[in-house]
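Read through the structure below, which is laid out as structure tokens, and then see the notes.
Numbering (the numbering used here), first residue to last: 344 to 502.
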């Protein structure tokens, strides 16, 4: 099996539903060269049609850049959609492009809203200038940046 075969399988099988749940396909490598850096480029997608699934969100929003996680659609009891979901990109350029291109567009006959998601504490949104600065410093130093990590260590390391 070649790398082209693996890429083909990734494109075809990722997010295909099996027993009602989407498959999540990733490429595995022997070397651990590239670290995924979660920079906080997370978008909130609102006013989704109940028929929108994770695969449709993946297919639509992966056109703007690589996603760090499988798209998440919030669901109530059972499998009923709450009509909103979340997308996470590995850089702010991709999330900015998706925000600009998709906000106010129609997805399955519904006008969707796209904005930066609220952080876990619920007080401010992702995409702030300070978060962008920390993300750029993390890329320069090769540090791993997550939403749950204390950013002071990163700020001290970058000087």
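Idealized CB from N, CA, C, for every residue including glycine.
Keep in mind that this is a model prediction, so the values were computed, not measured.
Proximity below 9 angstroms, CB of residue 435 to CB of residue 470: yes
First and last residue of the uninterrupted alpha helix (DSSP H) at residue 438: Annotation for residue 438: the continuous alpha helix (DSSP H) segment containing it runs 435 to 445.
Selected residue, minimal CA-CA separation from residue 446, among 420, 403, 477: 403
Inter-stretch contact at 8 angstroms, needing at least 3 Cβ pairs: the region 419 to 427 / the region 385 to 393: yes
Buried versus exposed call for residue 517 [16 or more other C-beta atoms within 10 Å across all chains shown]: Because the chain spans 344 through 502 in this model, residue 517 falls outside it and cannot be assessed.
Sub-9 angstroms separation of residue 368 and residue 356 beta-carbons: Yes, the pair counts as a contact, with Cβ atoms nearer than the cut-off.
Cβ-based neighbour list, residue 407, same chain, cut-off 6 angstroms, excluding 5 preceding and 5 following: 437, 440, 441
Span of the beta strand (DSSP E) around residue 406: Segment: none, residue 406 is in no beta strand (DSSP E) and carries neither H nor E.
Residue 418 - partner residues in DSSP beta bridges: 424
Rounded straight-line distance, which links the Cα of residue 409 to that of residue 383: 13 angstroms
Nearest to residue 349 (by Cα), restricted to the options 359, 364, 370: Taking each of 359, 364, 370 in turn and checking the Cα distance to residue 349, the smallest one comes out for 370.
Best match in 394, 416, 411 for proximity to residue 450 [C-alpha to C-alpha]: 394
Range of the contiguous alpha helix (DSSP H) that encloses residue 355: Segment 346 to 356, the alpha helix (DSSP H) holding residue 355.
Start and end residues, beta strand (DSSP E) containing residue 389: 384 to 389
For residue 362, the nearest candidate out of 422, 345, 418 (CA to CA): 422
Buried/exposed call for residue 346, threshold 16 Cβ in 10 Å: exposed
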